[in-house]
Amino acid sequence: MSHDDATDPAELLGQDYWDERYGSSQKLWSGNPNPQIVERLTGVTPGTALDVGCGEGADALWLAGQGWQVTGADVSQVALDRATAHAEKAGLAAGTTWERVDILTWQPPVQAYDLVTASFLHLPSEVRDDVHRGLAGAVRPGGRLLVVAHHLSDLHTAMRRPGMPDMFFTAEQVAAVLSAQEWDVLEAAAPERSAIDPEGEPTMVRDTVLLAVRR
Ligand SMILES: C[S@@+](CC[C@H](N)C(=O)[O-])C[C@H]1O[C@@H](n2cnc3c(N)ncnc32)[C@H](O)[C@@H]1O
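According to numbering that gives the first Met the number 0, the stretch in the sequence shown is residues 0 to 214, in order.
Structure (structure tokens):
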């Protein structure tokens, strides 16, 4: 996954940019769930889940396949139409709902989900904390918040990442918006994983991973 050719942070925020981006290709992402999600959520008792910035729906569909009742939310209708079609093809339509939202203005329902995930939802620093607060606010007591993103150190690898350091963040920065009275942070880390670079060569990348449970 990469944001390859975008250069202006403001362009990365809106529906027009993302609809055009998804519309430019039949398939933008691999279709596989993100390994950090699979690793941390396999075997967790399913409930209700919200995946914000769900894109073509790979994580949401994997969750639905594990028995979760998932709402996939994204700013791009093109991505959501694709996710809907994938869900139908996979026989997972009953376990999935798709909503077009702009997380910069949409307030997720408060304490409504057993799990809230956001994978590779990169936003400028000026809005990011508020977005993460909103995501955290949607987790009900006993539920999990799992945020995964590209780590800033990937800018020094062969992977194509946007040359916009302001769009990257650490797990500790996400953890900092969580009240210590209300949350147990299970993991705030930058684990390595193997990947294939745009030239087809194996490489190592790092992800930002924040996993927390609301008390
Ligand atoms: C890099 S893609 C990741 C997609 C998916 N989570 C995955 O891992 O394959 C980022 C996604 O965030 C969505 N997005 C960007 N800005 C958004 C916003 N303001 N509100 C909701 N979704 C947004 C994009 O449309 C895109 O699908």
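In this text, a Cβ means the ideal position worked out from N, Cα and C, and glycines have one as well.
- For D73 against N33, the beta-carbon gap comes to about 15 Å, at or over 8 Å, which does not count as contact.
- Distance from the Cα of E125 is smallest, within the candidate group F168, A86, S118, for F168.
- A86 sits away from W17, with the two beta carbons spaced by 9 Å or more.
- Counting along the chain, the unbroken alpha helix (DSSP H) around V37 starts and ends at 34–40.
- Here L114 is near T47, since their CB atoms are less than 9 Å apart.
- Pairwise C-beta distances place the stretch 98–110 in contact with the stretch 40–56, as three or more of them are shorter than 8 Å.
- Assignment of L209 by DSSP, reduced to helix, strand and coil, places it in the strand class.
- Taken through DSSP and simplified to helix, strand or coil, P197 comes out as coil.
- Q25 sits in coil when the DSSP states are folded into three classes, being neither helix nor strand.
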